[in-house]
Structures are given as C-alpha cells and as structure tokens.
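*Asks:* Heads up, our numbering is the position in the sequence shown plus 1491, with the first residue counted as 1. By construction, the Cβ of each residue, glycine as well, lies at the ideal position given by its N, Cα and C atoms. Just so we're clear, the structure is a prediction, and the values are computed from it rather than from any experiment. Let me give you the structure first, and then I'll get to my questions.
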Amino acid sequence: MGTLLPFITGTIWLYVLGRFVWPLPCGLGVRAALALVLFLVAQYHWFTSRFFGSLASPELPQGVLVFLGWAFGAFLLLAMLVLLRDVAGGLIFLFARGAGRAILGGRVLHVSLGVLALVLAAIGTWQAIRVPDVKTVEIRIPGLPPAFDGYRIAQLTDLHASRLLPASWMAAVVAKTNALGADLIVITGDLADGSPEARAADVRPLHDLQAPDGVLAIPGNHEYYADYQRWMLAYRALGLDMLENAHMLIRRGDAVLALAGITDRQAGPFGQLRPDLDAALQGVAPGVPVILLAHRPEGAVRHAQAGVALQLSGHTHGGQILGPHLLTQWANEGFVSGLYRVGAMHLYVSNGTGLWNGLAIRLGRPSEITRIVLRPEVP
C-alpha cells in the first residue's frame, strides 16, 4: 500500500486538476498555484514518510497533523463532490434537458464544491480526533449461562496512539471506559502507530484501564509495522493480557465463559504467528460459549462454523465516510459497522475508537467506545 498510495493520490489529483482546477474562472497563475498546493496535499504521505518518520506514524506536532488531515480530507472530498457532479451531469445529458444541465455546469456550483469540501473536511477532522461517545449494544448469546446474564464488556479498538491521538486523548478514553464499570475490557487491535519508544508516553494511560475480569487485547495489522515482538512485551508490561491464538476462561461459580483471541493475517509477511482459531480454542470444553476477539471481521463465516458464539472486531473504522463506506464493506466480506448475524453467531464490528492519522476524517461514521451487554438468547 505504501508504494501504491502516491500513484492512487496522484491519479485523483489529475482528475481534480482537469475537472475542477482548470475550469475555474480565474487567471492561469492562480490556477497553477492551486494545482501545486493540491499536488503537495495529495502527496503529503510521501513527503512525511520520507522526512518525518514513517507512513504509519509521521512524527510531527499534533497541530500540523490536524492541519494536514483537514487538507487531505478536503482534497478527497473535493474529488468525490466533483465526481458526483460529473455523474449527475452525464445522467442529465442523457435523459433530461434545460435548466438542470445549466445549473450543474454553472460557475456558482463549481466554486461552491470547493467551499463545501473545506467545510465538510473541518467537521470530519473534528469528528475524527474528539473523544468518542459511548455506544451501548445488547447481544443475545446462545447458551449463555444465567450467571452471565447482564455481563458487561467494554470494547476499544483501533486506538492508533500517535502524535495525532496522543497521551491526553488516550487518558480521556481510558477514564471514560473505566467509568462504565464493565466486568471486562477488551481491545481488538491496532493499539498504536510507530515504534514502542516513540509511543511509550502515548500508550502509558492504558495501564490505568481497570475491570474485575481484566483487560484482554489482540494485535491488529498495525502492530506488525514496527517491531511486533517488542510491542507485545510493551503491552504486557502495561497490564494487558495479549491473546495470541489463545483463550482464557471466566467463571461465575460453576458457569464458564471463554474469551479467545487470534492474531492478524498481517503476521505472515513479517514472519510472525499467523491466526489460528483451532489453537485459540484448544482446551475449551464443548458447550462453553466462546467470544472471539478478531481484529478484522473477515472469516466470520468460518468462525461461526467453528462454534464461536460472538465475534468482536474492528479494523474497518466503519468506513469513516458515509457513502464511500460501501467500498470498505465490499473489501471486508460485507461487514463494515454494527451487529450482524452470521449463522448461529453474532458479529459486532466497531467503528473504532481512534483512527490512522493518515486519514483523519469521519463523516456519518462516528467513533465509539462500545459497552456490550450479554443476554441469554431466548429460543
């Protein structure tokens, strides 16, 4: 993805150049200057990864990252708005006549698209970096013992600790999560971006997460981009129980609930432990309800066939922008946000608590701290 990104954003820039910048009602010098600015914005990932850290984690001040996130978000939104206008114009050309064609080709609409992109990007950037609201979801689990009726799980996912979402943001998330009084806290991957040294202060608040049955976590794909093994040591030092193709049992008297976790398929290219559900469930007695932590929602059908009762995932960030989220849904086996039924299994895909700093925008797909309440499924 790192090598393809400049070509993808460069192609988008060429489209915006031809369909928005060149037709603007202003002088050639102004259009040339705007074209250059948009090119720099389109390629900002390339520049920051070469000179200020890495693609996963540019080491720049938070204010600079917020500004770059707003500018890049505006660039993408502008391309989407221009595309929508062009598609609408094509349909009108084919099927209609008169005023509609004139309006879509007018200067006022043309300039308004740029203004709208800037405003929407500002709203989306604020939505991306604010501390999330709590979302409560009640899920009915087949075979859940009565002793676990009302059992509360707080799910965090895709925290992406970085210079954009630093220690102060993480501390606020931790305080809000602890206030839920959950029985168990789980983190379903992508905890941080960058090296353990660079993010040491930003992940430190995770040490303050508290729940009677502990704090369980699994790796996401971003854990593999910067020294996976040292990140696992760092997370365990913070008090997180990392489930790498493993499980733990939670007991209420004679009643048992199994919490299993698998690694991410990104492990393969980095020579690490690939996801193995059989290994994660080894030793779980038949009839014990299994809650599986899997960073990506993919594989849900296989996991349901293996007898998992509930899968908790993240990774998609809910698609981040309403409308284009359908592409993310397509890329993740049809799962992008919320609660799904897959055979006898429930799948919950969180929109994510944070997000990667390279695409700092959310519109219509809000971040969340998820409070999950388990209930027995009534036959």
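With the cut-off set at 8 Å, would you say Leu1569 and Val1507 are in Cβ contact?
*Replies:* Here residue 1569 refers to the residue found at position 78 when the sequence shown is read from its first residue. Here residue 1507 refers to the residue found at position 16 when the sequence shown is read from its first residue. Yes. Within cutoff.
*Asks:* Could you name the residues of the same chain whose beta carbon sits closer than 7 Å to that of Asp1767, not counting the 5 residues immediately before and after it, in chain order?
*Replies:* The residue labelled residue 1767 in the question sits at position 276 within the sequence shown. Excluding sequence neighbours, Asp1767 sits near Asn1736 and Ile1753.
*Asks:* How big is the Cα-Cα spacing for Ser1810 and Thr1819?
*Replies:* Taking the first residue of the sequence shown as position 1, residue 1810 is located at position 319. Taking the first residue of the sequence shown as position 1, residue 1819 is located at position 328. One detail in the question is off: residue 1810 reads as Gly in this sequence, not Ser. Each residue's alpha carbon lies about 5 Å from the other.
*Asks:* Quickly, what does DSSP pair Pro1867 with across the bridge? List them, please.
*Replies:* For this step, residue 1867 is matched to residue 376 along the sequence shown. DSSP lists Ile1632 as partners of Pro1867.
*Asks:* Determine the direct distance from the alpha carbon of Pro1815 to that of Leu1572, and round the result to whole angstroms.
*Replies:* Working through the sequence shown from its first residue, we reach residue 1572 at position 81. Working through the sequence shown from its first residue, we reach residue 1815 at position 324. Their backbone Cα atoms lie some 12 Å apart in a straight line.
*Asks:* Starting from Ile1782, follow its DSSP beta bridges and name the residues at the other end.
*Replies:* Here residue 1782 corresponds to residue number 291 of the sequence shown, with the count starting at 1. Leu1750 and Leu1801, per the DSSP bridge assignment.
*Asks:* Return the chain-ordered list of same chain residues with a C-beta closer than 6 Å to the C-beta of Leu1515, the five sequence neighbours on each side being excluded.
*Replies:* Residue numbering aside, residue 1515 sits at position 24 when the sequence shown is read from its first letter. Taken in chain order, the residues that qualify are Arg1522.
*Asks:* Hey, is the stretch 1725-1741 in contact with the stretch 1684-1702, meaning 3+ C-beta pairs nearer than 8 Å?
*Replies:* Counting Cβ pairs under 8 Å, three or more are found: they touch.
*Asks:* Taking the straight line between their C-alpha atoms, what separation do you get for Gly1436 and Phe1542?
*Replies:* A query on residue 1436 cannot be resolved here, the shown segment of the chain reaching from 1492 to 1870 and no further.
*Asks:* Can you look up His1806 in the DSSP assignment and give me helix, strand or coil?
*Replies:* If you number the sequence shown from 1, residue 1806 lands on position 315. Coil.
*Asks:* Would you mind sorting Glu1714 into buried or exposed? The rule is 16 or more other CB atoms within 10 Å of its CB.
*Replies:* Here residue 1714 corresponds to residue number 223 of the sequence shown, with the count starting at 1. That one is buried.
*Asks:* Kindly confirm or deny that the stretch 1670-1684 and the stretch 1701-1711 touch, where touching means at least three C-beta pairs closer than 8 Å.
*Replies:* Counting Cβ pairs under 8 Å, three or more are found: they touch.
*Asks:* Per DSSP, what are the beta-bridge partners of Pro1549 in this structure?
*Replies:* Here the question's residue 1549 lines up with position 58 in the sequence shown. Pro1549 is bridged to Gly1544.
*Asks:* Against chain C, with Cβ distances strictly below 8 Å, would Val1606 count as a contact?
*Replies:* Here there is only one protein chain, and chain C is not present.
*Asks:* Report yes if the C-beta distance between Tyr1839 and Ile1863 is below 8 Å; otherwise report no.
*Replies:* As a position in the sequence shown, residue 1839 is number 348, starting the count at 1. As a position in the sequence shown, residue 1863 is number 372, starting the count at 1. Result yes, Cβ atoms of Tyr1839 and Ile1863 sit closer than 8 Å.
*Asks:* Within 10 Å of its beta-carbon, does Gln1796 have 16 or more other beta-carbons around it, so buried, or fewer, so exposed?
*Replies:* As a first step, residue 1796 must be located in the sequence shown, where it is residue number 305. Burial call: exposed.
*Asks:* Taking Asp1699 as the reference, give the member of Lys1667, Ala1689, Leu1724 and Pro1687 with the closest Cα.
*Replies:* What you label residue 1699 is simply residue 208 of the sequence shown in a count that begins at 1. Among Lys1667, Ala1689, Leu1724 and Pro1687, the Cα nearest to that of Asp1699 is on Lys1667.
*Asks:* May I ask you to report which of helix, strand or coil DSSP gives Gln1646?
*Replies:* Start at 1 with the first residue of the sequence shown, and residue 1646 comes out as number 155. Of the three classes helix, strand and coil, the one that applies to Gln1646 here is strand, per DSSP.
*Asks:* By DSSP, does Glu1859 sit in helix, in strand, or in coil?
*Replies:* Your numbering for residue 1859 matches position 368 in the sequence shown. Strand, per DSSP.
*Asks:* Beta strand (DSSP E) containing His1738: first to last residue?
*Replies:* As a first step, residue 1738 must be located in the sequence shown, where it is residue number 247. Looking at the DSSP string, the run of the beta strand (DSSP E) that includes His1738 is Ala1737 to Arg1743.
*Asks:* Please report the distance separating the alpha-carbon of His1738 from that of Pro1857.
*Replies:* Position 247 of the sequence shown, counted from the first residue, corresponds to residue 1738. Position 366 of the sequence shown, counted from the first residue, corresponds to residue 1857. Their backbone Cα atoms lie some 30 Å apart in a straight line.
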